[in-house]
Amino acid sequence: MIVLVYFWKIKLRSLPFAILHMALDRLTLGRNKQISFFKYLGTGRGETFTPSDADAKRWGLLVVVPRNEIENFDSSHLISSWRKIATLEYRGTLQPISSHGEWSKKQPFSADQISEWSGPVAALTRARIKWSMNSKFWRAVPPVTVSLKAAPGLKSAIGIGEAPIGLQGTFSRWESGALLREFAYKGPAHIKAIKATKDLDWYAEELFSRFAILEEHGEF
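Each residue of the sequence shown is one higher than the one before, counting from 2 in the numbering used here.
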């Protein structure tokens, strides 16, 4: 099992086409028996996780496919259609290392995990925030994002979301798993946020996953 993650940058004039893809492609993806899980993603700067944080020029897609289906999916009409309107594309080929929690009541990254990996890694966090907790969550986010962007070993990070409010997360790329763990388990701001999560119980659902970055193409 392989996770493919795409991010496309588009011009504003192509925004209607991107929104149309987000609406209609779900039928195509859902009918594809080779895809065990997929999510279209909006993106943002990952600073406030409010609607004002959204980036209308960048869109993402995550799919889980068998290893032998990578090229078939990458050359599909769906991906080709995105490439026609994209000014930049990033594609990451990932294999799960660990995953805790659920995404839409599923555990999409629990199969084919690898235990040994010394190369670059990616981290994906995703949460469905209880509506009553949105304001408290937004107030807690800025210190964590500041510490994330200054973290040793971070290559890049963006906010991701399935909706403008309540369904937020991050996708980040790291030089190594050791440096990611250093931030996740020893960074003061992140530790404080983890404690607040337990104390305030502001998530209705959450997921934290780490991946080996097997290949990367394009510009992130």
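A virtual CB, placed ideally from N, CA and C, is assigned to each residue, including glycine.
Small disclaimer: the values here were computed from a predicted structure and weren't measured.
Sub-8 angstroms separation of residue i and residue j beta-carbons
{"i": "L215", "j": "T29", "result": "no"}
{"i": "L63", "j": "K40", "result": "yes"}
{"i": "G219", "j": "E117", "result": "no"}
{"i": "I159", "j": "I86", "result": "no"}
{"i": "I115", "j": "Q169", "result": "no"}
{"i": "R174", "j": "F221", "result": "yes"}
Between the CA atoms of residue j and residue i - distance to the nearest angstrom
{"i": "W9", "j": "S15", "result": "11 angstroms"}
{"i": "R84", "j": "V6", "result": "14 angstroms"}
{"i": "E206", "j": "V4", "result": "21 angstroms"}
{"i": "A151", "j": "F184", "result": "10 angstroms"}
{"i": "G167", "j": "I161", "result": "Summary for G167: the model assigns pLDDT 46, below 50, so the residue's position carries little reliability; its value from the coordinates is reported in the next sentence. Computed Cα separation, rounded: 11 angstroms."}
{"i": "P67", "j": "A213", "result": "16 angstroms"}
{"i": "A24", "j": "P17", "result": "11 angstroms"}
{"i": "D54", "j": "S111", "result": "31 angstroms"}
For residue i, the nearest candidate out of the options (CA to CA)
{"i": "R127", "options": "L25, F172, V65, G31", "result": "F172"}
{"i": "L208", "options": "E217, L181, R174, L125", "result": "L125"}
{"i": "A19", "options": "H101, G61, D54", "result": "G61"}
{"i": "L13", "options": "D26, W104, R211, D56", "result": "D56"}
{"i": "N73", "options": "K187, K34, D54", "result": "K34"}
{"i": "S119", "options": "A179, R92, R27", "result": "A179"}
{"i": "P121", "options": "S177, K106, S81", "result": "S177"}
{"i": "E217", "options": "K58, L155, A24, R92", "result": "R92"}
{"i": "H78", "options": "L149, D26, S157, P153", "result": "D26"}
{"i": "R59", "options": "V65, S53, L42", "result": "L42"}
Whole-number beta carbon distance between residue j and residue i, since they are thought to touch under 8 angstroms
{"i": "P109", "j": "S37", "result": "7 angstroms"}
{"i": "D113", "j": "M2", "result": "4 angstroms"}
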